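I have placed the structure first, in the form of structure tokens, so that the comments after it can refer back to it.
There are 2 protein chains.
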Amino acid sequence: MNLDDKNGTTIQVRNTTFKPRRGITNWLIGKPLQTADAPHQTIGKRIGLAVFSSDAMSSVAYGPQELMMMLAAAGIASLTYSLPLVLGIVGLLAILTISYEQTIHAYPNGGGSYIVSRDNLGVLPAQIAGAALLTDYILTVAVSISSSVAQISSAFPVLDRWKVEIAIMFIMFIMIINLRGVKESGVTFAIPTYFFVVMMYITIFFGLFRYFAGTLGIVSSPPELTILAEPQALTLFLLLKAFASGTASVTGVEAISDGITAFREPRSKNAGMTLIIMAVLLGSMLIGITFLAGKVSAIPSEHETLVSQIARTVFDGRGLMYLLTIVGTTVILVMAANTAFADFPRLGAITAKDGFLPRQLTFRGSRLVYSRGIVALAVIASLLIILFKANVSNLIPLYAIGVFLSFTLSQSGMAHRWWKSGHLKPDEEKIEAGSIVRFEKTWLLKMLINGFGAIVTFIVTIIFAVTKFADGAWVVVILLPILVYIFYSIHRHYQNLAAHLTLEKYAGLHHLGRHRVILPIASVHRGTLKALRYAESLSKDITAVHVSIDEEEAAKLQQKWETWGDGVRLVILESPYRLMIEPLLDYVSELSQNRLENEMITIVIPQFIPRRFWTNVLHMRTADTLRKVLMGQKDIVIVEVPYQVD
Amino acid sequence: MNLDDKNGTTIQVRNTTFKPRRGITNWLIGKPLQTADAPHQTIGKRIGLAVFSSDAMSSVAYGPQELMMMLAAAGIASLTYSLPLVLGIVGLLAILTISYEQTIHAYPNGGGSYIVSRDNLGVLPAQIAGAALLTDYILTVAVSISSSVAQISSAFPVLDRWKVEIAIMFIMFIMIINLRGVKESGVTFAIPTYFFVVMMYITIFFGLFRYFAGTLGIVSSPPELTILAEPQALTLFLLLKAFASGTASVTGVEAISDGITAFREPRSKNAGMTLIIMAVLLGSMLIGITFLAGKVSAIPSEHETLVSQIARTVFDGRGLMYLLTIVGTTVILVMAANTAFADFPRLGAITAKDGFLPRQLTFRGSRLVYSRGIVALAVIASLLIILFKANVSNLIPLYAIGVFLSFTLSQSGMAHRWWKSGHLKPDEEKIEAGSIVRFEKTWLLKMLINGFGAIVTFIVTIIFAVTKFADGAWVVVILLPILVYIFYSIHRHYQNLAAHLTLEKYAGLHHLGRHRVILPIASVHRGTLKALRYAESLSKDITAVHVSIDEEEAAKLQQKWETWGDGVRLVILESPYRLMIEPLLDYVSELSQNRLENEMITIVIPQFIPRRFWTNVLHMRTADTLRKVLMGQKDIVIVEVPYQVD
């Protein structure tokens, strides 16, 4: 290829195939993928269920348990209320499923709360939803992983003291899987998800069979009861608080609607069906587990999980079936964190594209995934795990409030959308805030469904905020406005920048007027002369400047300059207090203030490039300091002329 | 002043009076001093004794104690050998004093081991002496400060657990004093030094008086005996080992000869007298304390110092006189560290001037002291204190070996010098290795004295290395060659650099041939155009380069460039793996390899300068990365054209 091709077109496109180097990263996350490979990375219903539903389904492992722990504050007897409360939660699940099924069809390109709020309610609600969801994805990882470690230490109490370490190991594992890309994640995660579902159903059905056959016993040598609150009477407040704890079970419902684009065509149909299958599986497992927990007199405890107690009672001790159940539960919980790893970076990228988060989040890594978001999530979740000592009960009060807030915003947005679509003429389309609204015949029914969903989730949000406020929900209540403020600050920065850099109404720059070159020199040697030669190619108006802290050396330098300085003016700045940088800065800013219009000042810095890194410490590195200090100044250009010693 | 003065002389000297800013630093270390103020900062005999002898004299506080601790391995009875051993050490002190008195007169400009070795033995011995002394100054600080803290905790056992913290506080205090400059240190340190001497003499004379009057008792409730070695028979080896521990008492003798330049004229006479006074004071105190320790049956112990036991026996309990003695001892030990703070930076600067340490050490700070050396010493000594838990006995095995090695080198050097001077004709001068050797009538006597000193100190070095090897001397035996190797590596670097940069036999540079300019752009906006305008002032041969990871955006950019690009050639590098830096580097290195002779490549980088620091995280900072990677390449000049958003 002729690089000097000057005839013909000015613009030349070169197709480089520059690949990242092979190495440990490739081995960990797989070989790089081209941008053109992107569309192939989609998944069907079966793998979709595995990828997006593990969050929801795995909550069977901690939702009923946290609910019961809260009830236990009013005594063991009050645990009989857990089944009715769980039935209420399953009702909530049904409402959410119907609502979101509608959303998925209205938003085939992905209709998470952020997008639905943005399109139908405006920027502020969208940013609130975004902040709530991002917070929540982080908590999903922390809660799921903490619960998975709790399952392991139920089976192997000896691991109890390594909980935090094991949890972080799990997070790193999921991070690497996700850095490899979504398709491989799907395959990796499908088998364990289905294994969990099968194990749960075996446990539940075998348990029910033994219950009706009259051979189901109760938990032998039950663990110590954990009560999260002071002993108290069974008030409505406590019931609502227990209910709020249980809502953690339905937090994963949003996942599919946010990730529709990952599905194979027809996207909406596949995604919608997946949502319904997931809801049915989740609801039946929640009821089954809660029912059995009551029948075997399981005790909500930090030392042994509910699943472990039920399994060892149903299967008569810690045999193979018990172990398989625990393994299945542990693994699904690890997978659950994966849901967040699929959604957090995607939502981060959408928000970043809108200019509310750093633009870097929109760049995809070598495996076509948003690597920066994945790594950020892993790091923050690990910090949470360390902070909360991998304890689920400590994390729960922070968990569901964000989700239900985003549910509320999403459902309100959908209701508003149906209302608008009902007021269009048939076949009319209206573009509002970037999204297309089409006429919809059954708009009233759909509006009522989403409106009902909005009201219900709003009530749950309030219940959660009030009952859990003192336990930790206050953190989220304070955090969300701060996050929204940060999002807006970022947005303001980008907008401001764009306004200043735009070429609209731009007259073009004047050509340069006078061009003054300053050449700071510490001594006269080959490197200095190379910089001088370069300076001479820039302008005829050159001033060499030497800061002198030693008269003798300055005299020597002066003499050398007379021989080698090509007649260029030399200014010696005497520095009686032995400062090197400040007198030079003073001189430059004096020149800078007195300059003519369109006068350009260029500082040519001879820069020594050491061959070996350690030799850096043997030099004063004045050039570096000078560059850093002068860089910020207006209309001063820094030129670094390197000299190497080979 | 007319900055644009172009007629008349080319060279212009401006006397700036640029002072460092006022602030916390000024408040701590005093107002800045001009270079011209330097010569006034000298001291007389009285202050000289305080500044340079505190190291030697303070060793009374730990030397005899460490000697006795070692003897105690053969049982309490063997402590009777401590007085003879101390007498041996005082004999060693006498030999050293006579030897160094000769050195001081031969080297009025400062005759530390480093300079004497360099002038008379060559570079390698000088570097060995330098490494040994620098190591030793650090240990002086660590040992003295640890011992001072031991005195305090003898009087106030409650402070025992804060030893390390108190030690580091002391070091910081001395560092600040020294950053203020030597004259103020002198005044600050004179009173405490004399106070210590007076308190020691009062203790010794009062003790002797009571001993001869028969009223001196023995130590009441003595502390627990500390034995450093396994119980063993009183062998010659153990005696030599105890002797070696005791030699720590005479390590400070070198200090004055190294610091002659700090003395008022006549320098040599003042310094020599100061040395003799110091030796007399030190010797008498060592004998007195050891004699009394035997008479009051003092026990060498980690829990209470020897000085504390003697003082409370002589003064009948922990009254005012006891407290004054402890305070005096503590303070002199803190001052002792000051000796090292005066000498370490000075030796560092000399070594650096010879090119064996980083040149930065030769620059003096705002108060005319070698600030970098002072801070380095404080930091390293603090680390040692932390590592050795401020325990004197742990540090002693590392301590004296370096000093005695440097003593040996220095004395050998002097002996060699006298031999040379004896072989000159009267009034003949010979310049050898940069130092003037004059004829000396009494050369034979002087040679014998220094020769004897060399032999004795060499024997002590060997004794120390052998008996203390396993206890820690091995660290120094390994460290010294490593340090010498580092010194030589640094020297090689500077020599190599100078050889490559010298203008001798330099033909001058060719004028620039073709000048090719590369302008990497991420998008087309006002900042880019500013950089383009600047590039146009450099050369007509400009290529704008865009790395494309998104075809749509590349197309938009191309369109904008057609409007705004001034007809400048644009190369678009497609990057299917979404790498930003690598394709550009590849392109530049291709150009670079194919260039003509004298062709210069300049990369003009549009550099965004954020107004607020935090907004940095919102940008990819490709410019920064690019600069760092390209900087090292030969004959590629980096130009950074800043654009700010105001």
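Chain order of the listed sequences is C and Y.
Going by this note's numbering, the first sequence opens with residue 1273, and the numbers climb by one from there.
Going by this note's numbering, the second sequence opens with residue 1273, and the numbers climb by one from there.
Backbone N, C-alpha and C define an ideal beta-carbon position, used for all residues, glycine too.
None of the values given here were measured: they were computed from a predicted structure.
Would you mind working out which of the options sits nearest residue i, comparing C-alpha positions?
i               : options                               : result
N1940 (chain Y) : Y:H1818, Y:T1314, Y:R1689 and Y:P1882 : Nothing in the structure corresponds to residue 1940 (chain Y), since chain Y is present only between 1273 and 1918.
T1487 (chain C) : C:V1568, C:A1771, C:H1797 and C:I1410 : C:V1568
E1825 (chain Y) : Y:S1795, Y:V1840 and Y:R1644          : Y:S1795
L1512 (chain Y) : Y:I1735, Y:P1753, Y:I1758 and Y:D1813 : Y:I1735
G1645 (chain Y) : Y:I1721, Y:I1370 and Y:I1410          : Y:I1410
R1883 (chain Y) : C:K1906, C:D1743, C:M1872 and C:K1625 : C:K1906
G1674 (chain Y) : Y:F1730, Y:M1329 and Y:P1848          : Y:F1730
V1728 (chain C) : C:I1367, C:R1286, C:L1343 and C:L1406 : C:I1367
H1772 (chain C) : Y:G1785, Y:A1614 and Y:R1798          : Y:R1798
A1650 (chain Y) : Y:I1446, Y:N1663, Y:L1856 and Y:K1661 : Y:I1446
G1360 (chain C) : C:R1584, C:F1515, C:F1885 and C:T1523 : C:F1515
E1871 (chain C) : C:G1785, C:Q1879 and C:F1535          : C:G1785
I1668 (chain C) : C:M1329, C:K1317 and C:M1341          : C:M1341
L1365 (chain Y) : Y:I1400, Y:P1494, Y:D1530 and Y:G1555 : Y:G1555
L1558 (chain Y) : Y:Y1642, Y:G1589 and Y:V1522          : Y:V1522
L1595 (chain C) : C:H1377, C:R1867, C:Y1849 and C:F1428 : C:F1428
Looking only at its chain, what residues have a beta carbon closer than 6 Å to the beta carbon of residue i, apart from the 5 residues adjacent to it on each side?
i               : result
Q1916 (chain C) : I1881
V1586 (chain Y) : T1475, F1478 and G1479
S1811 (chain Y) : H1787 and V1789
L1656 (chain Y) : A1414
N1853 (chain C) : Just to set this straight, residue 1853 (chain C) is Ile in the shown sequence, not Asn. Same-chain partners within the cutoff: T1897.
P1397 (chain Y) : S1389 and L1681
A1895 (chain Y) : I1877 and Q1879
Would you identify the three-state DSSP class for residue i, choosing helix, strand or coil?
i               : result
I1571 (chain Y) : coil
Q1504 (chain Y) : coil
V1796 (chain C) : coil
T1523 (chain C) : helix
L1511 (chain Y) : helix
Y1483 (chain Y) : helix
H1695 (chain C) : coil
M1472 (chain Y) : helix
N1274 (chain Y) : In this prediction, N1274 (chain Y) has a pLDDT of 40, which is less than 50 and means its spatial position is unreliable; nothing more can be read from the coordinates.
E1871 (chain C) : coil
S1820 (chain C) : strand
Which residues in the same chain have their Cβ closer than 7 Å to the Cβ of residue i, if we skip the five residues on either side of it in sequence?
i               : result
L1393 (chain C) : L1681, S1684, G1685 and H1688
G1280 (chain C) : The predicted model places G1280 (chain C) with a pLDDT of 39, which falls under 50 and marks its position as unreliable, so this point remains unresolved.
H1763 (chain Y) : G1627 and F1628
L1769 (chain C) : none
I1910 (chain C) : I1875, I1877, R1899, L1902 and M1903
P1464 (chain C) : V1603, I1604 and M1607
V1819 (chain C) : L1845, S1847, M1852, P1855 and L1856
Can you name, in chain order, every residue of its own chain whose Cβ lies under 8 Å from the Cβ of residue i, other than the five neighbours on each side?
i               : result
I1424 (chain C) : L1431, I1438, I1598 and T1602
I1908 (chain Y) : V1860, S1864, I1873, T1874, I1875 and L1902
A1345 (chain C) : I1499, L1500, A1501, E1502, P1503, Q1504 and L1510
So residue i and residue j are supposed to be a Cβ contact under 8 Å. How far apart are they, rounded?
i               : j               : result
E1526 (chain Y) : S1385 (chain Y) : 7 Å
M1550 (chain Y) : V1332 (chain Y) : Contact flag wrong, Cβ pair sits at about 12 Å.
V1358 (chain Y) : G1518 (chain Y) : 6 Å
Y1778 (chain C) : L1547 (chain C) : The Cβ separation is near 50 Å, so there is no contact.
Given 7 Å as the limit, tell me if residue i has its C-beta closer than that to any heavy atom belonging to the ligand HEM.
i               : result
V1843 (chain Y) : Because no ligand of any kind appears in the structure shown, any question about the ligand HEM cannot be addressed here.
Do the stretch 1332–1340 of chain Y and the stretch 1561–1579 of chain Y make contact, defined as three or more Cβ pairs closer than 8 Å?
Contact between the stretch 1332–1340 of chain Y and the stretch 1561–1579 of chain Y is present, because at least three Cβ pairs lie under 8 Å.
Using 8 Å as the cut-off, can you tell me whether the stretch 1747–1761 of chain C makes contact with the stretch 1620–1631 of chain C, which would need three or more C-beta pairs spanning the two stretches below that distance?
Yes, since at least three Cβ pairs between the stretch 1747–1761 of chain C and the stretch 1620–1631 of chain C fall closer than 8 Å, the two stretches touch.
Are the stretch 1489–1502 of chain Y and the stretch 1351–1362 of chain Y touching, with three or more C-beta to C-beta distances below 8 Å?
Between the stretch 1489–1502 of chain Y and the stretch 1351–1362 of chain Y there are fewer than three inter-stretch CB-CB distances shorter than 8 Å, so the stretches are not counted as touching.
Count the C-beta pairs between the stretch 1603–1617 of chain Y and the stretch 1739–1748 of chain Y that are closer than 8 Å, then say yes if the count reaches three, no if not.
Output reads no: the stretch 1739–1748 of chain Y does not touch the stretch 1603–1617 of chain Y.
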